[in-house]
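Residue numbers (full-length UniProt numbering): 1 to 646.
The beta-carbon is built from N, C-alpha and C at its ideal position, and this holds for glycine as well.
The structure displayed is predicted, hence computed values, not measured ones.
What follows is a set of notes on a single structure, which appears directly below.
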């Protein structure tokens, strides 16, 4: 029998740092020492490298599409890209593309008028103080409902307006607002900037924090009508929604809308007009002159993430095309870059992971037979989607010309209309919420589905030509992670049909929360290596941490089961289980700027990559045994402190 290569960069592994002390640095120390983050990036690692490769592949496709037949989806892609690349035209136009919108704001003479204009502008990509989209009703996943989420802020979230840790960012934001009002020709840009900053700070005071906002029970507020407050009616009427779309909606943070309504008084009209002007400029700045785009990047790129230069214009053009016409590009991408054997291998891996979850659930000592039966029922109803959708999006009614801002507004309105048109229609279970060329994966609780776009199915996550241990430790653990989301602190509140319903006994839920509470405490004690002094939020990251812990633990069980009782070969001096865990670490390669580390630890539900690697394995007996981890080793965790959930 042929022994496949390990597929691991063993020559890179540290001979100074042992895996039982720091699995992340054992694998990545040498890479971290010699690697410089590209100037246009806030972070660099495995995901970013694959994203760059996908970006290059998409660029080739997009350039070819510029010569396609006029009127075809391919030509629309090419024309949108060409309109973005025309920097000379953007510079010549200056603020001209948004001047009609600014003039409309200037002409507003009442709060009702401002709200009506806001609703209209939101449909073409303008600012909004409420995020609106359509999704399944968590209480009845057989129907679509409008979902409404708090918004209106110019910084990442409400904590940026109040936490001492972000005092310097607030100063930078105020300076940024002043600069941008200067572009608008404001007579007193500093005064208008202070006005908008104060308004957003007040608005942020009505926002829920991120922990509360990820609670699917707290945020499931079914309201009929969607918004009963008379002050907000002009906004809803102007948002270009089908008749009856707002008869009923899920309002995720009702108290935010109440606080917002109290701020919408005639005496504050000029404040809101300043906010709206800035919102329009912010929304379209990336498509305006080089100077405006550069100043937008100075805050959102450099101040917030640490990146020092903008990405090349062609890269930003590719990103625009992917955000607006992603399926048109994705269709060609998968034809060229996603072989049929990759899908077959993924089908096989998913089957192994589901089998391992099933076997593990059947033996969980803390779960009653009643809840176990419901958990297994949900597992059997999981739907995997691999590579690309079976139905591609139809862009035939979208018109793309040679003016960039007009194109962006048209494409945004197209997607706005497509989204709201779902209301009252049957659920489209074939719909994807990521492009095939996206390096990521997701679990959708309303569909009870796990989705793996084509671009993630390559090294270091997956390689058909390497030993199975590395594949199970990387893409296998990612598969397990996404399945695990169906049983994390929020996903476990949904049944196999995607319905938000309590299917647990009280004792089982208490036992589950005892374990998740211990995991929260573990992560609360951690800090990102790139941002010392900033703590990981265990409550914010618990869902992803459950996904990591369950995903990796179950992937190891799936790997062992796949061996059929055979002893795996020793390759590169490493046992199968050692290769499995080293592959897990290898997948999370990352170097990050301090500014970006601070931003992510504040708003991202994922833990820092070094902790996704190290903290998870501390809880797994298989890792402890594979590397002979002992008391005194940095990754030793007393057996009674280790958390096992699934």
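Secondary structure of residue i, DSSP reduced to three states
i, result
"residue 500", "strand"
"residue 522", "helix"
"residue 280", "helix"
"residue 395", "coil"
"residue 146", "strand"
"residue 43", "strand"
"residue 407", "helix"
"residue 620", "coil"
"residue 385", "strand"
"residue 574", "strand"
"residue 220", "coil"
"residue 135", "strand"
"residue 431", "coil"
"residue 141", "strand"
"residue 629", "coil"
"residue 536", "coil"
"residue 177", "helix"
"residue 230", "helix"
"residue 440", "coil"
"residue 450", "strand"
"residue 425", "coil"
"residue 321", "helix"
"residue 582", "helix"
Buried versus exposed call for residue i [16 or more other C-beta atoms within 10 Å across all chains shown]
i, result
"residue 299", "buried"
"residue 187", "exposed"
"residue 504", "buried"
"residue 255", "exposed"
"residue 152", "buried"
"residue 229", "exposed"
"residue 24", "buried"
"residue 265", "exposed"
"residue 16", "exposed"
"residue 563", "exposed"
"residue 424", "exposed"
"residue 142", "exposed"
"residue 433", "exposed"
"residue 110", "exposed"
"residue 431", "exposed"
"residue 422", "buried"
"residue 618", "buried"
"residue 310", "buried"
Sequence-distant residues of the same chain with beta carbon closer than 7 Å to residue i, five excluded per side
i, result
"residue 477", "551, 552, 555, 584"
"residue 11", "none"
"residue 438", "453, 455"
"residue 468", "559, 562"
8 Å CB neighbourhood of residue i in its chain, flanking five on each side removed
i, result
"residue 397", "414"
"residue 118", "126, 127, 128, 129, 235, 238, 276"
Rounded separation between residue i and residue j - CA only
i, j, result
"residue 48", "residue 154", "26 Å"
"residue 76", "residue 360", "50 Å"
"residue 542", "residue 513", "11 Å"
"residue 3", "residue 571", "8 Å"
"residue 208", "residue 220", "14 Å"
"residue 392", "residue 328", "8 Å"
"residue 472", "residue 567", "16 Å"
"residue 231", "residue 108", "16 Å"
"residue 501", "residue 140", "10 Å"
"residue 306", "residue 44", "12 Å"
"residue 703", "residue 69", "The displayed coordinates of the chain run from 1 to 646. Any statement about residue 703 would go beyond what the structure contains."
"residue 82", "residue 66", "8 Å"
"residue 638", "residue 51", "39 Å"
"residue 420", "residue 446", "18 Å"
"residue 465", "residue 281", "50 Å"
"residue 164", "residue 574", "47 Å"
"residue 199", "residue 293", "24 Å"
"residue 620", "residue 144", "41 Å"
6 Å Cβ shell around residue i - same chain, five flanking residues per side excluded
i, result
"residue 400", "76, 79, 80, 407"
"residue 124", "409, 412, 413"
"residue 343", "386, 387"
"residue 73", "328, 395"
"residue 595", "305, 306"
Contact with chain D by residue i, beta-carbon distance below 8 Å
i, result
"residue 503", "You won't find chain D in this structure, because it holds only one protein chain."
Item to check | the region 238 to 246 contacting the region 275 to 284, beta-carbon criterion three pairs below 8 Å | outcome: no
Checklist entry - Do the region 597 to 608 and the region 49 to 65 make contact, defined as three or more Cβ pairs closer than 8 Å? => result no
Item to check | Inter-stretch contact at 8 Å, needing at least 3 Cβ pairs: the region 481 to 501 / the region 216 to 225 | outcome: yes
Checklist entry - Is it a yes or a no for the region 470 to 484 touching the region 321 to 334, going by three-plus beta-carbon pairs under 8 Å? => result no
Checklist entry - Per the contact definition of three or more C-beta pairs closer than 8 Å, is the region 287 to 304 in contact with the region 156 to 174? => result yes
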